[in-house]
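This report refers to the structure that appears directly beneath it.
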Amino acid sequence: MAEFVRLEVTDGVGTIRLDRPKMNALDAQVQTELLEAAREADRRDDVAAVVVWGGERVFAAGADVKEMADMGYPEMFRHGHLLQEFTRAVAGIGKPTVSAITGFALGGGLELALATDLRFCADDAKLGQPEILLGIIPGAGGTQRLARLIGPSKAKDIIYTGRFVGADEALALGLVDEVLPAAEVHDRAVAWASQFVGGPSIALRTAKDVVDRGLEVDLQTGLEIERAGFSALFATQDQADGMRSFVENGPGKATFTGR
Numbered sequence: 050m051a052e053f054v055r056l057e058v059t060d061g062v063g064t065i066r067l068d069r070p071k072m073n074a075l076d077a078q079v080q081t082e083l084l085e086a087a088r089e090a091d092r093r094d095d096v097a098a099v100v101v102w103g104g105e106r107v108f109a110a111g112a113d114v115k116e117m118a119d120m121g122y123p124e125m126f127r128h129g130h131l132l133q134e135f136t137r138a139v140a141g142i143g144k145p146t147v148s149a150i151t152g153f154a155l156g157g158g159l160e161l162a163l164a165t166d167l168r169f170c171a172d173d174a175k176l177g178q179p180e181i182l183l184g185i186i187p188g189a190g191g192t193q194r195l196a197r198l199i200g201p202s203k204a205k206d207i208i209y210t211g212r213f214v215g216a217d218e219a220l221a222l223g224l225v226d227e228v229l230p231a232a233e234v235h236d237r238a239v240a241w242a243s244q245f246v247g248g249p250s251i252a253l254r255t256a257k258d259v260v261d262r263g264l265e266v267d268l269q270t271g272l273e274i275e276r277a278g279f280s281a282l283f284a285t286q287d288q289a290d291g292m293r294s295f296v297e298n299g300p301g302k303a304t305f306t307g308r
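Here the sequence shown is numbered in the working numbering, starting from 50 and rising by one per residue.
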């Protein structure tokens, strides 16, 4: 049984809940538990979409600096793999994912949020990559995912300065997708995730995979990835049922089985 991270499933929506008082610091144990929760969410058939949430007070204030402070290169060489594994596991969930951000999402906390498909945040939230103030750089995907999301120059400004980004600026930058009152963030994230319950799970997984893989290659290669994914869906029952329902009943009325 995990101590600080749990997967809670309600009505088809899985919530990966961080709960390590006071600030959800991401030490090695939390990172391992996040990795395991992400893998469980990915494989469970009763989970259609996933919300990542740190609670009403804080999303995650970053990696545990006390744990890392005395590490030398050999120790960090080993630990650095875990730093990227837990965010890769979250990014690898083959289902729609959204972060519900309250309070702070800093350092590894922001890197965790960057690993989800969307980010909804409270109007008083603060986001940032302050690692430079410790004499290091982001190590859990921040230099790569942030630059891909908002562009290299804006990402460099945030990483170089280590400054905190408020909710309104984060929305303008495209760093977050919606800004809401803090009390509404989690419910809004769950509502967004709920729309995929009963949806065409294979097509959703394929769509996510094609978009993510396409971002790593040139356009022509990306189009080939899309073509292969599109064609493969014609081997599924969901495609047959979806198209038959459209012809007979019009759009939006199909029942999908995930096969």
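The beta carbon of each residue, even a glycine, is placed where N, CA and C say it ideally should be. Since the model is a prediction, treat every value here as computed from it, not as a measurement.
Here Gly191 has Glu160, Gln178 as same chain residues with Cβ atoms under 6 Å from its own Cβ, once five neighbours each way along the sequence are excluded. Judged by pairs of C-beta atoms under 8 Å, the segment 140 to 154 touches the segment 166 to 180, as three or more such pairs exist.
When the five nearest sequence neighbours on each side are left out, the beta carbons in the same chain lying within less than 6 Å of the beta carbon of Arg194 are those of Leu163, in order along the chain. Leaving aside the five residues that flank Ala256 on each side, none in its chain has a CB nearer than 6 Å to its CB. Straight-line measurement puts the Cα of Glu116 at about 14 Å from the Cα of Tyr122. The segment 94 to 110 and the segment 61 to 73 touch, with three or more beta-carbon pairs separated by less than 8 Å. Distance from the CA of Gly307 to the CA of Ala219, rounded to the nearest whole angstrom, comes to 36 Å. In this structure, Gly247 sits near Phe305, with a CB-CB distance shorter than 9 Å. Approximately 17 Å separates the beta-carbon atoms of Leu155 and Ala118; this is outside 8 Å, ruling out the contact. By the Cβ-count criterion, Glu57 is exposed, with fewer than 16 other Cβ atoms from all chains shown falling within 10 Å of its own Cβ. Taking all protein chains shown into account, Ile186 has fewer than 16 neighbouring C-beta atoms within 10 Å of its C-beta and is therefore exposed.
Within a 10 Å sphere around the beta-carbon of Gln244 sit fewer than 16 other beta-carbons, which makes this residue exposed. For Asp267 and Lys71, the gap between their C-alpha atoms comes out near 44 Å. By the C-beta density criterion, Lys175 is buried, having at least 16 other C-beta atoms within 10 angstroms. Asp113 and Leu67 have their alpha carbons spaced roughly 14 Å apart. Excluding five sequence positions before and after Thr146, the CB atoms of its chain that fall closer than 6 Å to its own CB belong to Val99, Thr165, Asp166, given in chain order.
Scanning the segment 171 to 228 for uninterrupted beta strand (DSSP E) segments of 3 residues or longer gives 175 to 177, listed from N- to C-terminal end. Exclusion of the five residues before and after Gly104 leaves Arg66, Leu67, Asp68, Asn73, Thr151 as the residues of its chain whose Cβ lies within less than 8 Å of its Cβ.
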